[in-house]
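Top to bottom, those sequences are chains L and E.
The first sequence lines up with residues 10 to 387 when you count with the working numbering.
The second sequence lines up with residues 138 to 538 when you count with the working numbering.
Even for Gly, the Cβ is constructed at its ideal location relative to N, Cα and C.
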Amino acid sequence: MDFDLTDDQRLLSDSVAKLLAGTYSFEQRKALLKTPGGWSEALWNQFAELGLLGLPIAEEHGGFGGGPVDVMLLMQAFGRHLVLEPYLATVVLGGTALKLAGDAAQQGEILPEIAAGSLKLAFAHSERQSRYDVADVATTARRDAGGWVLEGAKSVVLHGDSADRLIVSARTAGGQDEAMGLSLFIVDAEASGLARRGYALRDGTRAAEVSLSGVRLPAEALLGEVDHALPVIDRVIEAGIAATAAEVIGTCETMQAMTLDYLKTRVQFGKPIGENQALQHRAAEMLIALEQGRSMAMLAAMSVEEPDPAERARAISMAKVGVGQAGRFVSQNAIQLHGGIGMTEEYAVGHFFRRVMVIEHLFGDTATHLDRLADQVA
Amino acid sequence: MDLRFTPEEVAFREEVRAFIRDNLPREIRERMRLGYPPRKQDTIDWMRILNAHGWAAYNWPKEHGGPGWSPIQRMIFNEENLAAPAPELLSFNITMIGPVLIQFGTPEQKAHFLPRARNLDDWWCQGFSEPGAGSDLASLKTRAVREGDDYVVNGQKIWTSTAHNADWCFCLVRTNPQAAKRQEGISFLLIDMKTPGIEVRPIISIDGSHHLNEVFFTDVKVPVANLVGEENKGWTVAKYLLGNERTGIARLGKSKERVRFAKEIAREVRHRGAPLIEDRGFRQRVAQMEVDMKALEITQLRVISAYAKAGGNRPDPLSSVLKVKGTELLQASSEMVMDVGGPQAMPIWQHELAAMANEPAIGPDWAAYMAAPYLMLRAASIYGGTNEIQKNILNKAVLGL
Chain L
10 MDFDLTDDQR LLSDSVAKLL AGTYSFEQRK ALLKTPGGWS EALWNQFAEL
60 GLLGLPIAEE HGGFGGGPVD VMLLMQAFGR HLVLEPYLAT VVLGGTALKL
110 AGDAAQQGEI LPEIAAGSLK LAFAHSERQS RYDVADVATT ARRDAGGWVL
160 EGAKSVVLHG DSADRLIVSA RTAGGQDEAM GLSLFIVDAE ASGLARRGYA
210 LRDGTRAAEV SLSGVRLPAE ALLGEVDHAL PVIDRVIEAG IAATAAEVIG
260 TCETMQAMTL DYLKTRVQFG KPIGENQALQ HRAAEMLIAL EQGRSMAMLA
310 AMSVEEPDPA ERARAISMAK VGVGQAGRFV SQNAIQLHGG IGMTEEYAVG
360 HFFRRVMVIE HLFGDTATHL DRLADQVA
Chain E
138 MDLRFTPEEV AFREEVRAFI RDNLPREIRE RMRLGYPPRK QDTIDWMRIL
188 NAHGWAAYNW PKEHGGPGWS PIQRMIFNEE NLAAPAPELL SFNITMIGPV
238 LIQFGTPEQK AHFLPRARNL DDWWCQGFSE PGAGSDLASL KTRAVREGDD
288 YVVNGQKIWT STAHNADWCF CLVRTNPQAA KRQEGISFLL IDMKTPGIEV
338 RPIISIDGSH HLNEVFFTDV KVPVANLVGE ENKGWTVAKY LLGNERTGIA
388 RLGKSKERVR FAKEIAREVR HRGAPLIEDR GFRQRVAQME VDMKALEITQ
438 LRVISAYAKA GGNRPDPLSS VLKVKGTELL QASSEMVMDV GGPQAMPIWQ
488 HELAAMANEP AIGPDWAAYM AAPYLMLRAA SIYGGTNEIQ KNILNKAVLG
538 L
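The following block contains the structure:
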């Protein structure tokens, strides 16, 4: 039992906080949102120089060999500033898939490039009909002349518009929602037959619809074992849940701080509105929710490497529910306590609100994970 | 950062669990498992068994007869004791007056009262609240006037839990009504409940039980030797008492045990043609409870480990989070148990009376105490500083509002 950070972890937190304080004010972020890509290549390179892109990547592949707690601290810092860069897509989702399923050649080629900032990935798994059913994949891959041919479409692929390569799930056997018969492929974003339509999500982060018609792949594009990709996909999603749980906590910290500041400075009826006990108690309830959520984000980080799949899945689902509910409570009340100004696009709190909203609907929402937990009640 | 318990902590938990399994009288455990409150003698018996093993004063240092455990060990012990389920240690003795005397008591007070408190030779009660002083404790009016070697006490206390069982009462009294600040005229006295002039009147609570009392003091003589700390400095003592060791305040082990019980009975009772445990709505409700309990468990560990790091001498304002969430979960788990019982939980169960009259009991034995804890636990968000007061504390101490 130990809640202490190591010296390296404190250093990491401090240096990221310093970098973001100088580069990621609300105004600076707004300017990034207006650029065509919606985020900054220059900052991405700075992330690489600081070693952030290689943080969870093994040292032999040019990374720092960091663990889930390091990623938690980084994502929390990103949450405080609503960082737009494709860290989740490339490093967390893509990196985890490579780490778990990649062979020596794939890892040796791709992981150092991620760490160096020269290659971006996206995890192209969900489809229009799949909602949160992880095994529901209609995209197919059939063997052809020693390679593979992909047919289908992927939906709401995070940062799919800017990725250099996509990790695509496809059915190589079995019916549309069978657990067996899924495989993963590494696909060049410029491959013939692959088309992307990029757009912004409600929080300004980028995503894409991806269509695959007759995309031909060489045999070595297969990532991991054929037909047996579901456990890998599950773990990639779990890594995504742990990372975004920490991001939600950072996001809520900022909303909580903004709300407190507002309560202390906004004057109505001749006194700061924070002198009203109704509002004070709401602020205390936000704090309670935030601390309970923080505990669950810690649980997620410290469970992603749990070897027992059932225990790991259970802890991650608990964290998704706990953080999802805490995030909703804190963000909804942040707007409520701000009153009208909280409803405006020009004020920051609504932007934080939207990030929490989007994250709750990634990787299975609160109801979905509560259902999974309900299945296991014994 | 690591959420896992160390091998030593895991071994400690095993040791505690084994001791409770081997030493808790079977009859007490069975009654507790069905949700019955422990009888007075159950609490005394269990405390003495633990004390003989050196564990009753689980949060005291070794020199005063405690085991000298770390905060994590105390938490583990508490949780195992609640989960068994075994009677809770009498908090008035163990977490209240004991630590207060260790901190503020005279050598004579320590030598006399501490061994008796941990062996439950004296049952203590707490004389704090008054009709006009609830959340606003500093407005208390019970008066103590110095006459020679005695204080003469006049006034009234209320909500005094287990005063009818008690041998002694630690009491806040006003010794200087003229003090500039209300908090400055209060003293902390130890009062023998057998002293002439004390009258205990029962208050029957909504669960039908006698747990609460009014205590009236009429010209009650209390030796000056029974003053704790300095005269007129009782508020400091009271603040220490209320802030001391609040980490057990969530009583999480109790909520966990009650949810387990609810699930056990949900396998027996039926709903829409199948065991209730198979109902999706019920399962979601259990899952939600388990999520909330897990979050609180980790929050509790965070507070305890911060407390241990700070040398255990400063109450963490975040312990108010434990109080609020812990009591909400206690209430929610008692609601769940009652709802599982449904109509079976509704009869007034007079088990003891029925047994005495040789009459058959009403309903299944598991239903006996399904509604009473729900009723009694409405008090959980009121006692120990209402949950609204806890939110005020968070506002002041953490948020700066």
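Any chain L beta carbon closer than 8 Å to residue i
| i | result |
| --- | --- |
| Ser272 of chain E | no |
| Phe142 of chain E | yes |
| Leu455 of chain E | yes |
| Val361 of chain E | no |
| Ile213 of chain E | no |
| Glu525 of chain E | yes |
| Val474 of chain E | no |
| Lys294 of chain E | no |
| Asn532 of chain E | yes |
| Arg417 of chain E | yes |
Chain A contact for residue i (CB, 8 Å cutoff)
| i | result |
| --- | --- |
| Met267 of chain L | Included in the structure are the protein chains L and E, with no chain A among them. |
Start and end residues, beta strand (DSSP E) containing residue i
| i | result |
| --- | --- |
| Lys294 of chain E | 287 to 295 |
| Ser324 of chain E | 323 to 329 |
| Ser220 of chain L | 215 to 226 |
| Arg280 of chain E | 280 to 284 |
| His348 of chain E | 347 to 360 |
| Thr149 of chain L | 149 to 153 |
Segment limits, alpha helix (DSSP H) that includes residue i
| i | result |
| --- | --- |
| Gln263 of chain E | Segment 261 to 264 is the beta strand (DSSP E) holding Gln263 of chain E; no alpha helix (DSSP H) there. |
| Asp159 of chain E | 144 to 160 |
| Arg417 of chain E | 417 to 446 |
| Asp23 of chain L | 16 to 32 |
| Leu459 of chain E | 456 to 478 |
| Trp183 of chain E | 177 to 189 |
| Phe87 of chain L | 77 to 90 |
Contacts around residue i, its chain only, beta-carbon distance under 8 Å, and the 5 residues preceding and following it disregarded
| i | result |
| --- | --- |
| Leu126 of chain E | Missing from the structure shown is residue 126 of chain E; chain E here goes from 138 to 538 and no further. |
| Arg253 of chain E | Asp259 |
| Val361 of chain E | Arg283, Asp286, Asp287, Tyr288 |
CB contact check: residue i to chain E, cutoff 8 Å
| i | result |
| --- | --- |
| Val330 of chain L | yes |
| Glu300 of chain L | yes |
| His290 of chain L | yes |
| Val358 of chain L | no |
| Met10 of chain L | yes |
| Met84 of chain L | no |
| Ile325 of chain L | no |
| Ala254 of chain L | no |
| Leu272 of chain L | yes |
| Asp13 of chain L | yes |
| Leu346 of chain L | no |
Proximal residues to residue i (C-beta, below 6 Å), its chain only, five neighbours per side dropped
| i | result |
| --- | --- |
| Arg321 of chain L | Ser312, Glu315 |
| Glu336 of chain E | Phe353 |
| Gly155 of chain L | Ala228 |
| Ser22 of chain L | Leu82 |
| Arg338 of chain E | Glu351 |
| Leu378 of chain E | Met233, Val237 |
| Ser518 of chain E | Thr464, Asn524 |
Closer than 7 Å at the beta carbon, the chain E residues around residue i
| i | result |
| --- | --- |
| Leu52 of chain L | Under the 7 Å cutoff, chain E gives no residues; its nearest Cβ is about 27 Å from Leu52 of chain L. |
| Ser304 of chain L | Ala432, Ile435, Thr436, Arg439 |
| Gly283 of chain L | Leu538 |
Where residue i meets chain L, residues with beta-carbon distance less than 8 Å
| i | result |
| --- | --- |
| Val423 of chain E | Ala383, Val386 |
| Ile386 of chain E | Result: empty, since nearest Cβ-Cβ is about 14 Å, beyond 8 Å. |
Under 7 Å by beta carbon: chain L residues contacting residue i
| i | result |
| --- | --- |
| Val535 of chain E | Leu296 |
| Glu394 of chain E | Simply none; closest approach about 16 Å. |
| Ile343 of chain E | The contacting residues do not exist; Ile343 of chain E stays about 25 Å from chain L at best. |
Contact list for residue i against chain E, beta-carbon separation under 8 Å
| i | result |
| --- | --- |
| Val257 of chain L | Here the premise fails: no neighbours, minimum Cβ distance about 14 Å. |
Beta-carbon proximity list for residue i, same chain, < 7 Å, skipping 5 on both sides
| i | result |
| --- | --- |
| Met330 of chain E | Ala303, Asp304, Trp305, Cys306 |
| Met483 of chain E | Ala508 |
Partner residues on chain L for residue i, Cβ-Cβ distance less than 9 Å
| i | result |
| --- | --- |
| Ser442 of chain E | Met10, Asp11, Phe12, Asp13 |
| Glu152 of chain E | The premise fails here: Glu152 of chain E is roughly 17 Å from chain L at the closest Cβ pair, so nothing lies under 9 Å. |
Chain E contact residues for residue i, given Cβ-Cβ distances below 9 Å
| i | result |
| --- | --- |
| Met311 of chain L | Met138, Asp139, Leu140, Arg141 |
| Asp189 of chain L | Rather than Asp, the amino acid found at residue 189 of chain L in this sequence is Met. Simply none; closest approach about 27 Å. |
Task: Runs of beta strand (DSSP E) lying entirely within the region 161 to 207 of chain L, each at least 3 residues, in chain order - done: Taken in chain order, the unbroken stretches of beta strand (DSSP E) that lie wholly in the region 161 to 207 of chain L and span 3 residues or more are 174 to 180, 191 to 197.
Open item on the list: Quick check on the DSSP output: what are the complete alpha helix (DSSP H) runs of length 4 or more inside the region 265 to 347 of chain L, in order along the chain?
Closed with: With a minimum length of 4 residues, the continuous alpha helix (DSSP H) runs that stay inside the region 265 to 347 of chain L are 286 to 310, 318 to 347.
- [ ] Go through the region 372 to 400 of chain E residue by residue and report every complete run of the beta strand (DSSP E) that reaches 3 residues or more, in order.
- [x] none
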